[in-house]
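Chains as they are written, first to last, in our numbering: chain A, 1 to 439; chain B, 440 to 878.
One structure is given below, encoded as structure tokens.
2 protein chains.
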Amino acid sequence: MAIAKDIRIDLPPEGVPKKWYNLVADIGHMEPPLNPGTMKPASPEDFEAIFCKEIIRQEGSTERHINIPEEVRDNLIHLNRPAPLQRAVRLEKYLKTPAKIYFKREDMSPLGSHKGNTALAQAYFNAESGIHTLTTETGAGQWGTALAMVSNLFDIDCTVFMVRGSYEQKPMRKTLMQTYGATVHASPSAQTEFGKKVLKEHPDTTGSLGIAISEACEMAAKDPNICYSLGSVLNHVMLHQSVIGIETIEQMKIGEIDPDCMIACAGGGSNFGGFAFPLLGEKIKGKTDCEFMAVESKAAPSLTVGEFKYDFGDTAGFTPLLMMYTLGQEFIPKGIHAGGLRYHGMAPLVSAAMNKGLITARAYEQLETFEAGVMFARTEGMVPAPESCHAVKAAIDVALECKKTGEAKNIVFCMSGHGMLDLYGYEQYLNGTMRDSSV
Amino acid sequence: MAIAKDIRIDLPPEGVPKKWYNLVADIGHMEPPLNPGTMKPASPEDFEAIFCKEIIRQEGSTERHINIPEEVRDNLIHLNRPAPLQRAVRLEKYLKTPAKIYFKREDMSPLGSHKGNTALAQAYFNAESGIHTLTTETGAGQWGTALAMVSNLFDIDCTVFMVRGSYEQKPMRKTLMQTYGATVHASPSAQTEFGKKVLKEHPDTTGSLGIAISEACEMAAKDPNICYSLGSVLNHVMLHQSVIGIETIEQMKIGEIDPDCMIACAGGGSNFGGFAFPLLGEKIKGKTDCEFMAVESKAAPSLTVGEFKYDFGDTAGFTPLLMMYTLGQEFIPKGIHAGGLRYHGMAPLVSAAMNKGLITARAYEQLETFEAGVMFARTEGMVPAPESCHAVKAAIDVALECKKTGEAKNIVFCMSGHGMLDLYGYEQYLNGTMRDSSV
Chain A
1 MAIAKDIRID LPPEGVPKKW YNLVADIGHM EPPLNPGTMK PASPEDFEAI FCKEIIRQEG
61 STERHINIPE EVRDNLIHLN RPAPLQRAVR LEKYLKTPAK IYFKREDMSP LGSHKGNTAL
121 AQAYFNAESG IHTLTTETGA GQWGTALAMV SNLFDIDCTV FMVRGSYEQK PMRKTLMQTY
181 GATVHASPSA QTEFGKKVLK EHPDTTGSLG IAISEACEMA AKDPNICYSL GSVLNHVMLH
241 QSVIGIETIE QMKIGEIDPD CMIACAGGGS NFGGFAFPLL GEKIKGKTDC EFMAVESKAA
301 PSLTVGEFKY DFGDTAGFTP LLMMYTLGQE FIPKGIHAGG LRYHGMAPLV SAAMNKGLIT
361 ARAYEQLETF EAGVMFARTE GMVPAPESCH AVKAAIDVAL ECKKTGEAKN IVFCMSGHGM
421 LDLYGYEQYL NGTMRDSSV
Chain B
440 MAIAKDIRID LPPEGVPKKW YNLVADIGHM EPPLNPGTMK PASPEDFEAI FCKEIIRQEG
500 STERHINIPE EVRDNLIHLN RPAPLQRAVR LEKYLKTPAK IYFKREDMSP LGSHKGNTAL
560 AQAYFNAESG IHTLTTETGA GQWGTALAMV SNLFDIDCTV FMVRGSYEQK PMRKTLMQTY
620 GATVHASPSA QTEFGKKVLK EHPDTTGSLG IAISEACEMA AKDPNICYSL GSVLNHVMLH
680 QSVIGIETIE QMKIGEIDPD CMIACAGGGS NFGGFAFPLL GEKIKGKTDC EFMAVESKAA
740 PSLTVGEFKY DFGDTAGFTP LLMMYTLGQE FIPKGIHAGG LRYHGMAPLV SAAMNKGLIT
800 ARAYEQLETF EAGVMFARTE GMVPAPESCH AVKAAIDVAL ECKKTGEAKN IVFCMSGHGM
860 LDLYGYEQYL NGTMRDSSV
């Protein structure tokens with residue numbers, strides 16, 4: 001009994017949270033999004049062209065807890081929630097560290113990552129609003145995959161604009177989205193005015209996330225029955241992802257784990273926010289002194305190198321201005337396998353937490369994160385997504401710091417996704433052709 | 440509570456079985472393996488060149504229950520056992536069937552399939568025997584992946600001979616095995632005398648499972664510290680896989696599910712045997728009248744078209760003669776994506792059960808199984824491995840038969856693995872270039 005409990009702490013299906021947690025209620029003052037035309041706080045109407053009303057309500061909500069509709073909960077259970085909290089006993093042994101290392105298994109979703117948590121909620125509320133089609137962009141493909149599958153569950157069509165470079169380099173990601181029933185266009189595409197304009201000017205472009213966002217928004221703005229869906233950055237996405245952290249708190253109670261350091265990778269911020277915010281709320285109330293560490297790529301180090309200022313969420317300047325750590329709207333990160341970490345900014349809520357000194361951040365090079373991923377695969381059996389390798393690397397480093405100091409810290413990190421569709425990156429690492437790509 | 444319980448029945452980590460179940464104890468008379476030289480029953484010594492003693496003991500055991508060593512149990516937990524039993528509520532709704540459809544989630548193993556259950560046990564017993572290297576062959580790659588990872592857990596080196604055609608067509612499978620620390624050779628290789636001979640005679644060959652088995656056996660036979668590991672067919676593999684069925688029985692008790700039809704795909708037979716045998720033992724004792732259905736490919740229909748006779752387990756005629764349903768040792772199945780179902784024979788225990796009228800069998804074409812796989816992905820969220828698509832297709836067909844008759848059968852099938860590394864097959868299905876390949 002004792003051994004089994006120490007390897008993995010499960011929650012029963014009924015353990016899926018009944019309410020989301022909203023850090024906005026506890027974090028104190030935040031600078032609001034601004035309408036770039038008037039430079040005044042954005043109104044709900046500023047979002048109505050592309051989002052449905054309930055999503056806009058959640059985006060602006062200051063309530064601490066918001067009920068999760070029963071149909072969303074059932075679907076979360078269906079897609080493998082609650083996710084286990086597992087102990088990396090073999091990795092600890094390999095590192096000879098006095099620290100204990102735990103990891104939250106978001107990789108066990110059949111969608112491959114944590115992205116389904118918000119995709120499900122967004123598809124549900126859009127379906128309830130009578131929306132018949134959702135549009136979105138995808139780079140690495142995790143987000144597009146999640147939205148493709150869940151749209152189908154609620155009888156919504158899903159159109160994904162996939163950055164042309166990824167579309168060509170990752171054809172299996174495209175196939176996965178199509179298997180789930182989505183329509184996938186390489187972006188820039190001939191489906192939108194903006195796409196056609198870009199194609200005319202740059203017929204050979206491999207595209208960018210900024211262009212893909214613009215195409216998805218244009219398609220949504222043209223038809224009141226079509227909405228746009230975003231996989232990170234905004235408050236409502238952080239809210240939906242809070243199921244990760246709420247479950248983790250419950251599991252740590254069962255396992256009598258008092259966490260010293262909670263670690264997650266951060267690109268747009270939804271994985272880190274979902275994992276950290278519920279316990280961060282407790283920290284604000286003085287109930288824990290746990291460290292919360294966001295781990296980013298040196299190829300896009302918004303928290304560790306960027307400035308805290310108002311900036312656009314997209315490259316084209318389509319969105320309201322958001323107060324966040326940013327490298328600038330025109331910053332184009334170098335190519336790395338962790339496509340989910342290639343974002344110029346950081347979620348306003350994560351940025352506010354950083355600015356208030358509530359969280360810490362580290363940035364790593366690509367090679368050292370893959371080295372950590374391979375070590376993890378060989379000791380623990382799971383191949384982490386390139387993004388998750390950043391959290392693995394940080395957890396290993398903290399554990400090795402404990403080895404020096406003799407501290408028996410409890411380190412808990414989020415395994416945000418698996419690497420089954422990112423094995424080309426592992427191939428490059430193993431055959432020695434991988435390069436670092438720092439700023 | 441009621442809804443959640445109806446979606447998924449979990450067992451706690453302690454629910455991993457403590458004993459394996461051995462159908463040999465209950466099935467009655469079976470024809471023994473024969474030494475092809477003497478045509479007399481094979482003795483344990485006939486296996487000693489390539490297997491360790493404990494594996495040979497289990498291969499010949501007639502005990503009903505064999506204890507699972509604690510270290511193997513801990514590792515089963517670590518690799519996500521017990522596996523959930525889930526209800527396919529959305530698929531039922533889509534089919535408008537009165538039947539209930541349940542599926543066992545072997546796809547949730549980080550190794551991608553059920554193959555880890557026996558890989559773990561084999562690596563453990565070989566490590567206990569002082570073996571420093573395991574060799575094996577792999578075609579589709581599921582088995583090689585499982586053995587690669589678990590060898591690492593017990594500090595054993597692992598050498599995989601991968602059929603050259605797969606090695607070249609599925610480079611990511613090779614990368615996954617290398618990520619787990621295995622040495623992978625394209626077979627035929629220059630590593631063995633047999634490989635060199637084949638290469639000299641047929642320099643452009645894409646290889647075959649038979650050649651790869653011969654190379655793995657040759658390497659094991661040459662060194663007493665090297666053993667060979669087999670992923671299916673033999674009794675000890677069926678034994679180790681019985682954890683699937685033992686857990687499923689426990690979960691059906693919890694869910695008050697009285698199964699009418701238990702379905703699994705069958706290539707060599709380990710997935711079907713592991714899933715069905717524990718309850719089949721109850722059927723032999725008259726405690727259930729459940730139907731047990733093995734589902735094979737029309738490209739290799741050993742149970743539905745083959746003869747019940749003595750035949751070699753491999754193409755080259757290296758192994759003892761096994762009494763089984765077979766298409767002949769030289770039968771080469773046409774190319775299908777379900778590489779795990781491309782085997783000329785069927786496990787002697789599965790064959791005996793078939794010959795005694797204890798189980799039924801169906802065979803399907805490739806296209807109709809992928810059609811079922813896509814339907815499952817769109818309704819339930821998981822992309823099945825091409826092998827598992829055969830079980831999905833049979834479950835759908837039984838459910839549609841129920842729709843005609845009005846019977847509310849309980850259908851339980853085994854989702855033996857996921858299709859994340861088989862998306863090229865889905866791509867071919869979706870773009871219309873897939874062809875059937877019946878005998």
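Every residue, glycine too, gets a C-beta built ideally from N, C-alpha and C.
- Ranked by Cα distance from B:V528, the first of B:A522, B:P537 and B:D465 is B:P537.
- Three or more pairs of CB atoms, one per stretch, sit closer than 8 angstroms, so the region 408-427 of chain A contacts the region 385-395 of chain A.
- Closest in alpha carbon position to B:H675, among B:A560, B:E721, B:A587 and B:A579, is B:A560.
- Taking the C-beta atoms as reference points, A:A353 is found no nearer than 8 angstroms to A:S214.
- Spanning the alpha carbons of A:R81 and B:Q525 requires a straight line of approximately 12 angstroms.
- For A:Y180, a Cβ of chain B is located within less than 8 angstroms of the residue's own Cβ.
- Below the 9 angstroms Cβ cutoff, chain B contributes no neighbours of A:V160, its closest Cβ being approximately 15 angstroms away.
- Judged by beta-carbon spacing, B:E826 lies within the 8 angstroms limit of B:G706, meaning their Cβ atoms are closer than that value.
- As a beta-bridge residue in DSSP terms, B:H857 pairs with B:P823.
- When CB distances to chain B are screened at a threshold of 7 angstroms, the residues of the region 70-86 of chain A falling below it are D74, I77, H78 and L79, in chain order.
- A contact is defined here as three or more CB-CB pairs under 8 angstroms, and the region 102-119 of chain A fails this definition with respect to the region 30-44 of chain A.
- Listed in chain order, the non-local C-beta contacts of B:S548 below 6 angstroms within the same chain comprise L518, N519 and G555, local neighbours out to five positions each way being set aside.
- Counting C-beta pairs closer than 8 angstroms gives fewer than three between the region 239-246 of chain A and the region 366-373 of chain A, which falls short of the contact rule.
- With a threshold of 8 angstroms between beta carbons, A:A377 makes contact with chain B.
- In terms of Cα proximity to B:A739, the closest of B:G774, B:F751, B:K609 and B:I723 is B:G774.
- Counting only the Cα atoms, A:G210 lies some 19 angstroms from A:P33.
- None of the residues of the region 483-496 of chain B has a beta carbon lying less than 9 angstroms from any beta carbon of chain A.
- Fully contained in the region 459-489 of chain B are the following alpha helix (DSSP H) runs of length 4 or more, in chain order: 463-466.
- Taking CB atoms only, A:E427 has a neighbour in chain B less than 8 angstroms away.
- Within the region 670-697 of chain B, not one residue has a Cβ closer than 9 angstroms to any Cβ of chain A.
- B:T501 sits in coil when the DSSP states are folded into three classes, being neither helix nor strand.
- In this model, A:P36 and A:K309 are separated by some 14 angstroms (Cα to Cα).
- Contact with chain B is found for A:V374, since one of that chain's Cβ atoms lies less than 8 angstroms from the residue's Cβ.
- Against chain B, the CB of A:V295 has no partner CB under 8 angstroms away; the residue lies outside that interface.
- Fewer than three Cβ pairs drawn from the region 63-80 of chain A and the region 375-387 of chain A lie within less than 8 angstroms of each other, which leaves the two stretches out of contact.
- The bridge partners DSSP lists for A:C158 are A:L134.
- DSSP links A:T183 through a beta bridge to A:T159.
- Three or more beta-carbon pairs separated by less than 8 angstroms link the region 22-31 of chain A to the region 275-285 of chain A, which places the two stretches in contact.
- Here the region 793-800 of chain B makes no contact with the region 775-783 of chain B; the two share fewer than three CB pairs at distances below 8 angstroms.
- By a beta-carbon distance limit of 8 angstroms, B:Y803 does not contact B:M785. Their separation comes to about 16 angstroms.
- Its chain contains A190 as the residues whose beta carbon lies nearer than 6 angstroms to that of A:K196, once the 5 sequence neighbours on both sides are disregarded; these appear in chain order.
- Excluding residues up to 5 positions away in sequence, T575, E576, T577, V599, M601, R612, M616, A621 and V623 lie with their Cβ nearer than 8 angstroms to the Cβ of B:G583 in the same chain.
- A direct Cα-to-Cα measurement between A:G328 and A:G274 gives close to 25 angstroms.
- By the neighbour-count criterion, in which 16 or more other beta carbons inside 10 Å mark a residue as buried, B:H571 falls on the exposed side.
- According to the DSSP assignment, A:I284 belongs to no beta strand (DSSP E) but to the alpha helix (DSSP H) extending over S270 to I284.
- Taking the Cα positions, B:G604 is about 15 angstroms away from B:G864.
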